[in-house]
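Everything below concerns the one structure shown next.
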Ligand SMILES: CCCCCCCC/C=C\C/C=C/C(=O)SCCNC(=O)CCNC(=O)[C@H](O)C(C)(C)COP(=O)(O)OP(=O)(O)OC[C@H]1O[C@@H](n2cnc3c(N)ncnc32)[C@H](O)[C@@H]1OP(=O)(O)O
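What follows is the structure, given as C-alpha cells:
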C-alpha cells in the first residue's frame, strides 16, 4: 500500500499559490486583526489570514462551509497558512477561529473516510497527523477563539493550541465524540485530551463521547476561558498579551519540553498508525457505522 504522500507533495498538487482574499473580501485592504491599517489579508480559498505584523500576530479564520469539516484540501490549506506565518519573523502568535457562523469545526470530514480506497485513507490520515503535529509543536503561541460547536477532530485542533477561549452559548459544545460514531479516538487524540483535562475526565469523556457545553468545558479544563459570544476574539487578543510578554526562546523551549514526549509517541510509529487507521476504517462494520451516522445527520433536517 502506498503510504508515502508527503504533505508538501500534497500541497503542490492541491493548492494554487497564495491568493489574496478570495470571496467577498477579494482585493480589499481590510483592517488587520489588531486594528492596524493598510495590512492586506491573505489566505487560500478555505483559510483567511488577517495579519497584524505590528502586533506580532495574525488571526486565522477557517471558512470551509457549511461546517468547517477537515477535508484533505482544507487540512492542506491550514498547514500552508501555519507554515507561512511560522516562517515570517514578524509573527509570534496566531488566533485560530472560524468564519462559519455557529460552527468552529465538525471535525474530520466523514466523506474522506467513507467509501474511498486504502491509498486515499492513508493520504488523508497522514495529513491529519501532520496537522496535529504542526499545530501541537508550533513555536508560535496559538490561541483558539472557539466561536461555535466543535466536534472530534475540530476539538483536537483546539486542544493543540496553547490557550482556548470559548463563546458562552449552550449550543457550542465541544469534545472528542468519536464513540458516538462507532469509532475510536486514536491514541494521540487521547493523549492530547489527557494532557489537557487529566486521565479520569478524559477516560469518561472518551468512552461516553461527551460534548461539553461551555460551563462544563471550563469546569473540566477543556477550555481556559468562557466569554460572551461577541467577546471571543477580543478576549483571545487580551490573553495573547501575557504570552507575548514572555521571552520567546524560553517559552518555546518550555512548550517543547512539555509537548515533545507526546508528539514523539506518534512520530515513532507514524506509519504503523496510518496502517492501523486504514485497516480500521476499511472494515465493513466501520464503513456501515459511518454511513448510518452521515444518514442521521442528513435526516435530522427532514
Ligand atoms: C485499532 C485502532 C486504530 C485507530 C483507528 C482510529 C480511527 C479514528 C478515526 C477517526 C477519528 C474521527 C474524528 C472525527 O473528527 S469524525 C467527525 C465527528 N464529527 C461529528 O460528529 C460532527 C458531525 N456534525 C454535526 O454534528 C453537525 O453537522 C453540526 C452540529 C457540526 C452542525 O449542525 P448543522 O448546523 O445543523 O449542520 P448539518 O448537520 O445540517 O450539516 C451540514 C452539512 O454538513 C455535513 N457534515 C456535518 N458534519 C460533517 C463531517 N464531520 N464531515 C462531513 N460532512 C459533515 C452534513 O452531513 C450536512 O451535509 P448535507 O446534508 O449534504 O448538507
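In our numbering, the protein residues as written are 791 to 1092. Where is the CB? At the ideal position from N, CA and C, for every residue including glycine.
Taking residue i as the reference, give the member of the options with the closest Cα.
i: residue 1085; options: 839, 901, 893 and 891; result: 901
i: residue 939; options: 893, 845 and 923; result: 893
i: residue 948; options: 906, 1011 and 911; result: 1011
i: residue 830; options: 906, 841 and 837; result: 841
i: residue 850; options: 967, 1027, 914 and 979; result: 1027
i: residue 976; options: 1031, 1033, 931 and 1065; result: 1065
i: residue 1035; options: 846, 1061 and 834; result: 846
i: residue 1044; options: 927, 1080, 1090 and 837; result: 927
i: residue 969; options: 979, 1047 and 906; result: 979
i: residue 967; options: 954, 994 and 1033; result: 994
i: residue 886; options: 954, 1063, 961 and 974; result: 954
i: residue 879; options: 943, 1038 and 858; result: 1038
i: residue 1033; options: 1082, 1087, 1013 and 932; result: 932
i: residue 960; options: 1071, 1050, 1003 and 974; result: 1003
i: residue 906; options: 1073, 1029, 1014 and 1059; result: 1073
i: residue 855; options: 1083, 870 and 836; result: 836
For residue i, list the residues DSSP reports as bridge partners.
i: residue 953; result: 933
i: residue 1014; result: DSSP, once it has assigned bridges, lists no residue as partnering residue 1014.
i: residue 967; result: None, per the DSSP bridge assignment.
i: residue 848; result: 841 and 884
i: residue 834; result: 837
i: residue 941; result: 965
i: residue 898; result: 860
i: residue 892; result: 938
i: residue 1002; result: 964
Give me the Cβ distance between residue i and residue j, rounded to the nearest whole Å; I'm assuming they're in contact under 8 Å.
i: residue 956; j: residue 1016; result: 5 Å
i: residue 981; j: residue 1052; result: 5 Å
i: residue 1019; j: residue 958; result: 6 Å
i: residue 924; j: residue 862; result: With a Cβ gap of about 15 Å, residue 924 and residue 862 do not count as contacting.
i: residue 853; j: residue 890; result: 6 Å
i: residue 1001; j: residue 935; result: Actually they do not touch by this definition, with Cβ atoms about 19 Å apart.
i: residue 844; j: residue 881; result: Not really, about 11 Å apart at Cβ, beyond 8 Å.
i: residue 1022; j: residue 937; result: 5 Å
i: residue 930; j: residue 876; result: 6 Å
i: residue 912; j: residue 1068; result: 5 Å
With contact counted as at least three CB pairs below 8 Å, one residue from each stretch, are the stretch 880–897 and the stretch 910–921 in contact?
These segments do not touch.
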